[in-house]
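Visitor:
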Amino acid sequence: MKEAYEALAKNPANYVPLTPISFLQRTAEIYGEREAIIYGTRRYSWRQCYERCLRMASSLTELGIGKGDTVAVLAFNTPEMFEAHFFVPMTGAVLNTINTRLDAETLAYILDFGEAKVLIVDRELLPLAQKALQQTKQKPLLILIDDETALQKPDVELEVKHYEELIISGDPEFSCPPLEDEWQALSLNYTSGTTGKPKGVVYHHRGAYLMSMGTAAGWELPNHPRYLYCVPMFHCNGWCHVWTMTLLAATVVCMRAFSPKLLFDLLERHEVTHFAGAPVVLNMLANAPPEEQKHFERSIKVMTAGAPPPPKVLENMTKFGFEVMHTYGLTETYGHILLSAPQAEWKTKSEDRRAELLSRQGVRFPMMEEVKVIDPQTQVPVPADGNTMGEIVMRGNTTMKGYLNNEKATAEAFSGGWFHSGDLAVVHEDGYIQIKDRAKDIIISGGENISSVEIENVLYQHPDINEAAVVAMQDETWGEVPCAFVELKTGKNTDAQQLIEFCTERLARFKKPKKIIFGPLPKTATGKIQKHELRGRIK
263 MKEAYEALAK NPANYVPLTP ISFLQRTAEI YGEREAIIYG TRRYSWRQCY ERCLRMASSL
323 TELGIGKGDT VAVLAFNTPE MFEAHFFVPM TGAVLNTINT RLDAETLAYI LDFGEAKVLI
383 VDRELLPLAQ KALQQTKQKP LLILIDDETA LQKPDVELEV KHYEELIISG DPEFSCPPLE
443 DEWQALSLNY TSGTTGKPKG VVYHHRGAYL MSMGTAAGWE LPNHPRYLYC VPMFHCNGWC
503 HVWTMTLLAA TVVCMRAFSP KLLFDLLERH EVTHFAGAPV VLNMLANAPP EEQKHFERSI
563 KVMTAGAPPP PKVLENMTKF GFEVMHTYGL TETYGHILLS APQAEWKTKS EDRRAELLSR
623 QGVRFPMMEE VKVIDPQTQV PVPADGNTMG EIVMRGNTTM KGYLNNEKAT AEAFSGGWFH
683 SGDLAVVHED GYIQIKDRAK DIIISGGENI SSVEIENVLY QHPDINEAAV VAMQDETWGE
743 VPCAFVELKT GKNTDAQQLI EFCTERLARF KKPKKIIFGP LPKTATGKIQ KHELRGRIK
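To convert, take the position in the sequence shown, counting from 1, and add 262; that gives the working numbering.
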């Protein structure tokens with residue numbers, strides 16, 4: 263009988279590689295006239311969205327883009343950024359969405375490292391792109407998004423092709439090359455690492471497909487939600503919500519730039535039912551001027567992830583009618599893989615206690631097979647006592663393929679058949695996980711990762727500095743911000759403001775230290791700086 267079972271082979275009728283591209287085709291076929299994207303005065307139905315993606319995929323193919331090529335996008339949350347999540351993989355190419363807040367040097371590194379063949383760029387970001395391209399070996403084809411709502415419209419100094427012209431000239435009947443393997447690379451995202459240089463995290467089609475399914479189930483999303491895209495689409499592909507919302511034939515409201523007033527206005531104007539954002543977004547809403555705030559009688563579902571939000575912030579959200587679910591994840595796991603799934607008995611708890619429970623990172627989403635907190639030395643799971651710390655490890659289909667061109671880092675991350683997060687946590691009696699520290703010294707500021715080593719490397723470039731170390735400092739607005747501890751060379755008297763300005767000239771502004779503390783740095787017997795002591799000083 264064993265042989266008989268094994269004789270039943272895969273064939274085109276019973277096995278199709280999974281890809282989120284299929285969501286767009288299905289939604290366009292079934293809900294073609296439903297409103298898909300709202301952006302200012304622009305409106306696209308799902309049928310129009312599908313056709314635009316086919317046209318752009320056709321034009322890219324005509325320009326020589328195909329399987330395995332990298333197409334980079336430097337843009338805000340606009341319809342073009344949304345569409346790129348479909349038309350790029352439709353050609354077989356790999357989508358690389360890039361943080362709009364990066365400095366030119368880092369942008370140049372990313373374009374060269376990923377060997378970008380195309381760079382699609384919003385006109386407002388052209389000066390940054392042009393400065394980066396002056397430093398790159400790669401000279402990608404430039405495609406310009408000429409958004410009429412852009413705050414700045416600098417002159418174009420380089421040869422470009424125009425996005426809308428490529429849409430018009432493209433073939434609406436374009437036939438996508440069939441996906442032969444769901445393991446094929448879909449997107450490339452960069453994450454800060456302990457080396458200071460960003461690492462290229464590669465997603466596959468299968469993972470993005472299952473991430474969408476798991477998000478829909480874990481967040482209990484209905485068909486046709488009305489979703490406000492507040493999360494930057496460059497970050498973990500917008501937590502993969504581009505594909506999730508397409509699966510559910512949602513109406514997606516694009517938000518180019520965040521402001522509390524605009525967010526409240528969009529929630530009201532478009533009857534939004536769901537949105538997501540980092541804890542800093544929630545904090546800014548809570549602290550917005552009263553005349554900008556709006557209170558809703560209906561419940562609006564909110565997902566947040568990043569540095570753990572203070573319970574007080576979650577408590578403040580209830581006055582707006584927001585029902586917040588806290589999640590945890592990494593760039594390497596396509597975004598969120600743990601959620602603070604509320605239990606019925608939590609409703610009987612005090613408001614303070616309920617907010618505390620909701621601030622935990624929680625339990626795994628359905629698409630993640632296993633998550634454990636283990637002792638880093640013994641690899642044995644820690645007891646569920648809410649006190650013993652260990653490292654969060656996981657395995658499942660929404661774990662990256664690996665780090666691009668970095669076999670050593672990939673092997674270390676997957677040691678022992680688990681993905682090692684580097685994040686330290688405890689497990690409570692009810693099985694819910696709660697992060698306590700970040701072993702990789704990554705600072706999460708406003709939902710964005712900042713490498714402490716990258717800042718340290720810049721500080722060490724200053725001629726007056728003998729030693730420097732950077733750690734996370736709690737901040738009411740941003741969750742965490744960089745704090746630098748500096749020991750100056752003998753006889754030097756550089757002040758804090760000078761050092762901050764020095765960093766500002768060499769880093770993206772959000773990465774600069776917000777505070778400088780002078781004095782000798784604590785070290786181990788072998789000379790290693792004891793960062794845990796520095797964190798203790800801040801507290």
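In this text, a Cβ means the ideal position worked out from N, Cα and C, and glycines have one as well.
Only a predicted model underlies this, so the values are computations on that prediction, with no experimental measurement involved.
With a threshold of 7 angstroms on Cβ separation, who are the neighbours of P782 within its own chain once the five nearest residues in sequence on each side are excluded?
Guide: Residue 782 sits at position 520 when you count from the first residue of the sequence shown. Result list for P782: E749, in chain order.
Visitor: For a minimum of 4 consecutive residues, which ranges assigned as the alpha helix (DSSP H) are wholly contained in the stretch 454-484?
Guide: 467-480
Visitor: Kindly give me the distance between the Cβ atoms of I382 and P341, rounded to whole angstroms, as I take these residues to be in contact under 8 angstroms.
Guide: Your numbering for residue 382 matches position 120 in the sequence shown. Your numbering for residue 341 matches position 79 in the sequence shown. At roughly 12 angstroms, the Cβ-Cβ gap does not stay under 8 angstroms, so I382 and P341 are not in contact.
Visitor: According to the neighbour-count rule (16 or more other Cβ atoms, all chains shown, within 10 Å of its Cβ), is P822 buried or exposed?
Guide: Limits of the chain in this structure are 263 at one end and 801 at the other, which puts residue 822 out of reach.
Visitor: Quick one: Cα of V644 to Cα of V688, how far?
Guide: The residue given as residue 644 occupies position 382 in the sequence shown. The residue given as residue 688 occupies position 426 in the sequence shown. In a straight line, the C-alpha of V644 is about 8 angstroms away from that of V688.
Visitor: List the endpoints of the continuous beta strand (DSSP E) containing D527.
Guide: Locating residue 527 in the sequence shown gives position 265, counting from the first residue. D527 -> not in any beta strand (DSSP E); alpha helix (DSSP H) instead, spanning 522-531.
Visitor: Please state the DSSP three-state secondary structure of P744.
Guide: Mapped onto the sequence shown, residue 744 falls at position 482. In this structure, P744 counts as strand in the three-state DSSP scheme.
Visitor: Taking DSSP's pairing of strands, which residues face H557 in a bridge?
Guide: For the purposes of this step, residue 557 is taken as residue 295 along the sequence shown, with counting starting at 1. In the DSSP output, where bridge partners are listed per residue, H557 has none listed.
Visitor: Go ahead and pull the three-state DSSP assignment for C498.
Guide: By one-based count along the sequence shown, residue 498 stands at place 236. Correct three-state label for C498: helix.
Visitor: In this structure, does DSSP put H347 in helix, strand or coil?
Guide: Numbered from 1 along the sequence shown, position 85 holds the residue referred to as residue 347. If DSSP states are grouped into helix, strand and coil, H347 belongs with the helices.
Visitor: Below 8 angstroms on the Cβ atoms is my guess for G664 versus M630; work out the distance and round it to an integer in Å.
Guide: Counted from its first residue, the sequence shown places residue 664 at position 402. Counted from its first residue, the sequence shown places residue 630 at position 368. With 8 angstroms as the limit, G664 and M630 do not qualify as a contact, their Cβ atoms being about 17 angstroms apart.
Visitor: Could you pull the DSSP bridge partners for T359 from this structure?
Guide: Looking up residue 359 in the sequence shown gives position 97. Answer by DSSP bridge pairing, in chain order: V335.
Visitor: Just checking K698 against the ligand GDP - is the residue's beta carbon closer than 7 angstroms to any of the ligand's heavy atoms?
Guide: The ligand GDP is not part of the structure shown, which contains no ligands of any sort.
Visitor: Rounded to the nearest angstrom, what separates D433 and R309 at their Cα positions?
Guide: What you label residue 433 is simply residue 171 of the sequence shown in a count that begins at 1. What you label residue 309 is simply residue 47 of the sequence shown in a count that begins at 1. Going by the C-alpha atoms only, they are around 15 angstroms apart.
Visitor: Between which residues of its own chain and V732 is the CB-CB distance below 6 angstroms, once the five residues before and five after are set aside?
Guide: Position 470 of the sequence shown, counted from the first residue, corresponds to residue 732. Hits under 6 angstroms: S714, I717, E718, P744, A746.
Visitor: Given a threshold of 16 other Cβ atoms within 10 Å of its Cβ, counted over all protein chains shown, does H557 qualify as buried or as exposed?
Guide: The residue given as residue 557 occupies position 295 in the sequence shown. Exposed, by the Cβ-count rule.
Visitor: Cutting at 7 angstroms between CB atoms, please list the residues of its own chain near K581, excluding the five before and the five after it.
Guide: Within the sequence shown, residue 581 is the residue found at index 319, counting from 1. Closer than 7 angstroms at the Cβ level, and outside the excluded window around K581, lie H557.
Visitor: Leaving out the 5 sequence neighbours to the left and right, which residues in its chain are closer than 6 angstroms to T457 when beta-carbon positions are compared?
Guide: Here residue 457 corresponds to residue number 195 of the sequence shown, with the count starting at 1. The predicted position of T457 is uncertain, since its pLDDT is 46 and thus under 50; no value can be drawn from it.
Visitor: Skipping 5 residues on each side, what residues in its chain have a beta carbon closer than 7 angstroms to that of Q696?
Guide: Within the sequence shown, the letter at position 434 stands for residue 696. Within the same chain, Q696 has close Cβ partners R622, Q623, A687, V688, H690.
Visitor: Measure the Cβ-Cβ separation of M352 and C311 and say whether it is below 8 angstroms.
Guide: As a first step, residue 352 is located in the sequence shown; it is residue number 90 there, counting from the start. As a first step, residue 311 is located in the sequence shown; it is residue number 49 there, counting from the start. Against a cut-off of 8 angstroms, the Cβ pair of C311 and M352 comes out as no contact.
Visitor: Tell me the DSSP secondary structure of T303 in three-state form.
Guide: Numbered from 1 along the sequence shown, position 41 holds the residue referred to as residue 303. Note: T303 maps to coil in three-state DSSP.
Visitor: Where does G664 fall in DSSP's three states?
Guide: Stepping through the sequence shown from its first residue, residue 664 is reached at position 402. Reduced to three states, the DSSP call for G664 is strand.
Visitor: Give a yes or no on whether the C-beta atoms belonging to L390 and L369 are separated by under 8 angstroms.
Guide: The count along the sequence shown starts at 1 and reaches residue 390 at position 128. The count along the sequence shown starts at 1 and reaches residue 369 at position 107. The answer is yes: Cβ separation under 8 angstroms.
Visitor: On the DSSP bridge list, what partners appear for V791?
Guide: Walking along the sequence shown from the start, residue 791 turns up at place 529. At residue 791 the sequence reads Ile, which differs from the Val that was named. Bridge pairing for I791: K785 [DSSP].
Visitor: To the nearest whole angstrom, what separates the beta carbons of L601 and G480, a pair I think is in contact under 8 angstroms?
Guide: For this step, residue 601 is matched to residue 339 along the sequence shown. For this step, residue 480 is matched to residue 218 along the sequence shown. Sure, about 5 angstroms apart at Cβ, within 8 angstroms.
Visitor: Going along the chain, which unbroken runs of the alpha helix (DSSP H) with 4 or more residues stay wholly within the stretch 677-735?
Guide: 714-721
Visitor: Which complete alpha helix (DSSP H) runs does the stretch 407-433 hold, if anything under 4 residues is left out?
Guide: 425-431
Visitor: How many Å lie between E386 and P416 at the Cα?
Guide: Translated into positions along the sequence shown, residue 386 becomes position 124. Translated into positions along the sequence shown, residue 416 becomes position 154. Approximately 7 angstroms between the Cα atoms of the pair.
Visitor: Grouping DSSP H, G and I as helix and E and B as strand, with all else coil, what is Y452?
Guide: Stepping through the sequence shown from its first residue, residue 452 is reached at position 190. Reduced to three states, the DSSP call for Y452 is strand.
Visitor: Expressed to the nearest angstrom, what Euclidean distance is found between the alpha-carbon atoms of Y277 and M507?
Guide: In the sequence shown, counting from the first residue as 1, residue 277 sits at position 15. In the sequence shown, counting from the first residue as 1, residue 507 sits at position 245. Straight-line Cα distance between these residues: approximately 25 angstroms.
Visitor: Which full runs of the alpha helix (DSSP H) of 4+ residues lie inside the stretch 749-775, going along the chain?
Guide: 758-766
Visitor: What would DSSP say about R657, mapped onto helix, strand or coil?
Guide: The residue given as residue 657 occupies position 395 in the sequence shown. Reduced to three states, the DSSP call for R657 is strand.
Visitor: Determine, using beta carbons only, whether R531 and A512 come nearer to each other than 8 angstroms.
Guide: Translated into the one-based positions of the sequence shown, residue 531 becomes position 269. Translated into the one-based positions of the sequence shown, residue 512 becomes position 250. The answer is no: Cβ separation not under 8 angstroms.
Visitor: In three-state DSSP terms, what is E297?
Guide: Your numbering for residue 297 matches position 35 in the sequence shown. The answer is strand: DSSP assigns E297 an E or B state.
Visitor: With distance defined between alpha-carbon atoms, name the residue in E442, N361, M656 nearest to N207.
Guide: A question about residue 207 goes unanswered here, because the residues of the chain that appear run from 263 up to 801.
Visitor: What do you get for L450, buried or exposed, if any count of 16 or more other CB atoms within 10 angstroms of its CB means buried?
Guide: Your numbering for residue 450 matches position 188 in the sequence shown. L450 should be labelled buried.
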